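Written out below as C-alpha cells is the structure these notes cover.
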Amino acid sequence: MVTANPELTYNSKIEGDIVVTRADAAINWVRNNSMWPMPMGLACCAIELMAAASSRFDIARFGAEVMRFSPRQADCMIVAGTVTYKMAPVVRRIYDQMAAPKWVIAMGACASSGGMYRSYATLQGVDRIVPVDVYVSGCPPRPEALLDALLKLQEKVKRERSASKLLSA
Amino acid sequence: MTTDVEITTAVSQQFPSAKPRASLDCPAFDVPAGDVIAVLELLRDKQAYDFLMDVTAIDWSAEKSPRFTVVWHLYSSTKHTYVRLAADCTSDSEPAMPTASGLWSGADWHERETYDMLGIKFTGHPDLRRILMWDAYPYFPLRKDFPLAGLPTELSDADITEEIKTGVISAPMVGGPFVATPGEPMSEAEPRAKDEAWSEQRPKG
Chain A
1 MVTANPELTY
11 NSKIEGDIVV
21 TRADAAINWV
31 RNNSMWPMPM
41 GLACCAIELM
51 AAASSRFDIA
61 RFGAEVMRFS
71 PRQADCMIVA
81 GTVTYKMAPV
91 VRRIYDQMAA
101 PKWVIAMGAC
111 ASSGGMYRSY
121 ATLQGVDRIV
131 PVDVYVSGCP
141 PRPEALLDAL
151 LKLQEKVKRE
161 RSASKLLSA
Chain B
170 MTTDVEITTA
180 VSQQFPSAKP
190 RASLDCPAFD
200 VPAGDVIAVL
210 ELLRDKQAYD
220 FLMDVTAIDW
230 SAEKSPRFTV
240 VWHLYSSTKH
250 TYVRLAADCT
260 SDSEPAMPTA
270 SGLWSGADWH
280 ERETYDMLGI
290 KFTGHPDLRR
300 ILMWDAYPYF
310 PLRKDFPLAG
320 LPTELSDADI
330 TEEIKTGVIS
340 APMVGGPFVA
350 TPGEPMSEAE
360 PRAKDEAWSE
370 QRPKG
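Same order as they appear, the protein sequences are chains A and B.
The first sequence lines up with residues 1 to 169 when you count with our numbering.
The second sequence lines up with residues 170 to 374 when you count with our numbering.
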C-alpha cells in the first residue's frame with residue numbers, strides 16, 4: 001500500500017525489527033482474511049453462491065475465494081439452499097468433519113427458517129442442527145448479500161477472544 | 170393432441186373386464202388388478218404404446234373403499250397418442266399391485282416413488298425401497314390421513330440424532346413469515362400483505 005506520510009507508519013529504522021500487537025488481533029487477522037468456505041450448495045442459492053465467487057462479484061476480495069470441497073480444509077460452511085430431513089444428518093456430519101475454528105453462514109430463507117417449505121420433508125432452519133453465525137435473508141439472496149454476510153462474519157471473528165480460547169482448549 | 174379412437178374397442182374386445190373410464194383428454198380404462206399386466210402388455214406389444222410415462226396412485230381417503238387406485242400413463246412414440254389405465258387395489262390396509270417393471274424397466278423407480286409416497290407394495294418388484302424419504306421413515310406422506318406439516322420422527326442417522334438431540338418435527342403451519350392465513354381473500358391472506366412497512370400503505374410499526 002502506498003502511504004503519503006511514511007513517518008506515521010511502521011518504520012524499521014526507528015522501531016527495529018519488532019511489531020507489537022495483541023495475540024487476539026494477530027490470530028483474528030489471519031483467520032479473517034483467509035476464511036475458506038465449504039460450499040454446502042443444496043438448491044438455487046448455490047447459483048448465487050457461484051456468482052459471488054466469480055469475477056463480477058469476486059469473493060476473493062475478502063479472502064474467501066478458495067471453495068474447499070473437503071470439510072477438513074474449510075473454515076466457514078455456507079449452507080446455500082433447502083435442507084431436507086434426509087440431507088440434514090449429512091450436513092451435520094460434514095460440519096463435524098470441519099476443523100475448528102469453524103463458522104456457518106445460513107444463506108437464504110430455506111437454510112435460515114425452512115423458507116416456503118412448510119412440509120414434512122424440510123428441515124425448518126439449519127440452526128436446528130448446526131450453530132449458525134450469520135443468517136442471510138432473500139430467496140435467493142443477491143451475491144452482494146452474501147458478501148455482506150461474510151463481512152459481518154469477519155466483524156464477528158474480529159471480536160473473538162481467540163488466544164484465550166486456544167490456550168484453554 | 171390426437172386421440173386414439175380405435176383403442177377403446179381394441180382393448181374391450183380383448184379384455185371385457187376393462188371398462189372405459191371417464192376422462193377429459195386421452196382414452197382411459199378401469200382394469201381389475203389381476204388383468205393390469207396383461208392389458209399393459211397388449212398396449213405395448215399390439216398397440217405400439219411403447220413408453221411408460223408415469224406410474225402413480227390416488228388415495229381416495231381413509232373412509233372410501235376401494236381406497237387406493239394405481240394409475241399408469243402410456244405414450245405411443247409412433248402414434249403420438251396417450252392412454253391411461255387405472256386399477257383399484259383390492260386391500261385398503263395393505264394395498265398391493267403387480268409390478269410393471271418386467272415390461273418397462275423405467276417402471277422400477279416410478280413404482281418405488283409410489284411405494285414411498287403412498288405405501289402401495291408392487292409385488293414382484295426387484296428392489297422395492299423408498300426413493301425420496303430415507304429407508305427408516307415410518308409414514309407414507311401423500312396419504313390423505315398424513316398432515317402436510319408432517320409427524321415427529323427420528324432422523325436416519327442414530328449417532329447424529331444423539332449428537333444434535335433433535336429429530337423431524339411437525340412444520341409450523343401458522344404464524345410464520347411464509348404462511349398464508351386460510352379463509353381470507355387473497356389480498357389479505359398473502360404473507361406479504363401482513364407487513365407493508367416497506368411501502369407507504371401502512372404506518373411503519
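From the three backbone atoms N, C-alpha and C, an ideal C-beta is built for every residue, glycine too.
Computed from a predicted structure; not experimentally measured.
- [ ] Entirely within the region 10-87 of chain A and at least 3 residues each: give me those beta strand (DSSP E) ranges in chain order.
- [x] Qualifying beta strand (DSSP E) stretches, in chain order: 37-41 and 76-80.
- [ ] State the Cα-Cα distance for the pair V126/A and V30/A, rounded to the nearest angstrom.
- [x] Cα atoms of V126/A and V30/A: separation of roughly 28 Å, rounded to the nearest angstrom.
Open item on the list: Helix, strand or coil, according to DSSP, for R128/A in the structure here?
Closed with: For R128/A, the secondary structure class from DSSP, reduced to helix, strand or coil, is helix.
Open item on the list: Taking the beta strand (DSSP E) that W103/A belongs to, which residues open and close that run?
Closed with: Residues W103 to M107.
TODO: Give the residues of chain A in contact with A318/B, contact being defined as C-beta atoms less than 8 Å apart.
DONE: The contacting residues are R118, S119 and Y120.
- [ ] Kindly give me the distance between the Cβ atoms of G63/A and N33/A, rounded to whole angstroms, as I take these residues to be in contact under 8 Å.
- [x] Contact holds; Cβ gap of about 4 Å.
Open item on the list: I want to verify the contact list: residues of chain A whose CB lies under 7 Å from the CB of M302/B, in sequence order.
Closed with: For M302/B, the chain A residues whose Cβ falls inside 7 Å of its Cβ are K86, in order along the chain.
Task: Cβ shell of P235/B (< 8 Å), same chain only, five flanking positions each side left out - done: Excluding residues within five positions, the ones whose Cβ falls inside 8 Å are W229, D257, C258, T259 and D261.
TODO: Report yes or no: do three or more beta-carbon pairs, one from the region 196-215 of chain B and one from the region 175-182 of chain B, lie closer than 8 Å?
DONE: A contact exists between the region 196-215 of chain B and the region 175-182 of chain B.
Open item on the list: Let me check one thing: in DSSP terms, what residues is L243/B bridge-paired to?
Closed with: Answer is L221/B and V252/B, bridged to L243/B.
TODO: Determine which residues of the region 322-338 of chain B have a Cβ less than 9 Å from any Cβ of chain A, and write them out in chain order.
DONE: Taking a C-beta cut-off of 9 Å against chain A, the contacting residues of the region 322-338 of chain B are T322, L324, S325, D326, D328, I329, T330, E332, I333, T335, G336, V337 and I338, listed in chain order.
Open item on the list: Suppose the cutoff is 6 Å on Cβ atoms and the five residues either side in sequence are ignored; what does the same chain contact list for V134/A look like?
Closed with: The answer, listed in chain order, is I105, A149, K152 and L153.
TODO: Output yes if chain B places a C-beta closer than 7 Å to the C-beta of R128/A; else output no.
DONE: Put simply, the CB of R128/A is near chain B, with a gap under 7 Å to one of its CB atoms.
Task: Extent of the continuous alpha helix (DSSP H) run through D277/B - done: Note, D277/B: alpha helix (DSSP H), A276 to L287.
TODO: Return the Cβ separation of I129/A and R92/A in integer angstroms, given the expectation that the two are a contact with Cβ distance under 8 Å.
DONE: The beta carbons of I129/A and R92/A sit about 5 Å from each other, so the pair counts as a contact at 8 Å.
Open item on the list: Let me confirm a value: V19/A is counted as buried when at least 16 other C-beta atoms fall within 10 Å, else exposed. Which label applies?
Closed with: Residue burial annotation: V19/A is exposed, with fewer than 16 other C-beta atoms found within 10 angstroms of its C-beta.
- [ ] List in chain order: all unbroken beta strand (DSSP E) runs of 3+ residues lying wholly within the region 170-214 of chain B.
- [x] DSSP runs (the beta strand (DSSP E)) wholly in the region 170-214 of chain B: 197-199.
Open item on the list: Taking CB distances under 7 Å as the criterion, tell me whether Q124/A reaches chain B.
Closed with: Answer yes: the Cβ-Cβ gap between Q124/A and chain B drops below 7 Å somewhere.
Task: Amino acids of chain B, ordered along the chain, whose beta-carbon sits closer than 7 Å to that of P89/A - done: Neighbours of P89/A on chain B, chain order: L324, S325, D326 and I329.
Open item on the list: Do A74/A and M38/A count as a contact pair if the criterion is CB distance below 7 Å?
Closed with: For the pair M38/A and A74/A, the CB atoms are nearer than the 7 Å cut-off.
- [ ] Have a look at S368/B and S356/B and give me their C-alpha separation to the nearest angstrom.
- [x] Low per-residue confidence applies at S368/B: pLDDT is 48, beneath 50, and the placement is therefore not dependable, though the value from the model is reported in the following sentence. Computed Cα separation, rounded: 15 Å.
Task: Buried versus exposed call for G374/B [16 or more other C-beta atoms within 10 Å across all chains shown] - done: With a pLDDT of 47 at G374/B, under the threshold of 50, the predicted position of this residue should be treated as unreliable, though the coordinate-derived value follows. So G374/B ends up on the exposed side.
Open item on the list: Under 8 Å: do the region 67-83 of chain A and the region 277-297 of chain B share three or more Cβ pairs, one atom per stretch?
Closed with: In short, these stretches do not touch, since the Cβ pair count stays below three.
Task: Contact set for L311/B: own chain, Cβ-Cβ below 6 Å, skip 5 residues either direction - done: So the list reads M286 and L287, once near-sequence residues are dropped.
Task: Cα-Cα separation, E323/B to K86/A - done: One C-alpha to the other measures close to 11 Å.
Open item on the list: Let me check one thing: in DSSP terms, what residues is P162/B bridge-paired to?
Closed with: What is shown of chain B runs 170 to 374, which leaves residue 162/B out entirely.
- [ ] Could you tell me whether the Cβ of A340/B comes closer than 7 Å to any Cβ of chain A?
- [x] Yes, because at least one Cβ of chain A sits closer than 7 Å to the Cβ of A340/B.
TODO: For chain B, find out if any of its Cβ atoms is closer than 7 Å to the Cβ of R92/A; answer yes or no.
DONE: At least one chain B Cβ lies under 7 Å of R92/A.
Open item on the list: Counting only beta-carbon separations shorter than 7 Å, does P310/B have a partner in chain A?
Closed with: Taking Cβ atoms only, chain A reaches closer than 7 Å to P310/B, which makes this a yes.
TODO: In the DSSP assignment, find the beta strand (DSSP E) that holds V134/A and state where it starts and stops.
DONE: That run of the beta strand (DSSP E) goes V134 to V136.
Task: For W103/A and R72/A, the rounded distance between their alpha carbons - done: When rounded, the separation of the alpha-carbon atoms in R72/A and W103/A is 13 Å.
TODO: Tell me whether A149/A sits in a helix, a strand or coil according to DSSP, three-state version.
DONE: Helix, per DSSP.
Open item on the list: Measuring only the C-alpha atoms, how far is H242/B from K233/B?
Closed with: Cα to Cα, H242/B sits roughly 24 Å from K233/B.
Open item on the list: Please classify Q216/B as buried or exposed, where buried requires at least 16 neighbouring CB atoms within 10 angstroms.
Closed with: Classification of Q216/B: buried, given that the 10 Å Cβ count is 16 or more.
Open item on the list: Does K373/B come out as helix, strand or coil in the three-state DSSP assignment?
Closed with: The pLDDT assigned to K373/B is 45, lower than 50, so where the model puts this residue is not dependable; a value taken from the coordinates is nonetheless given after this. Secondary structure of K373/B (DSSP, three-state): coil.
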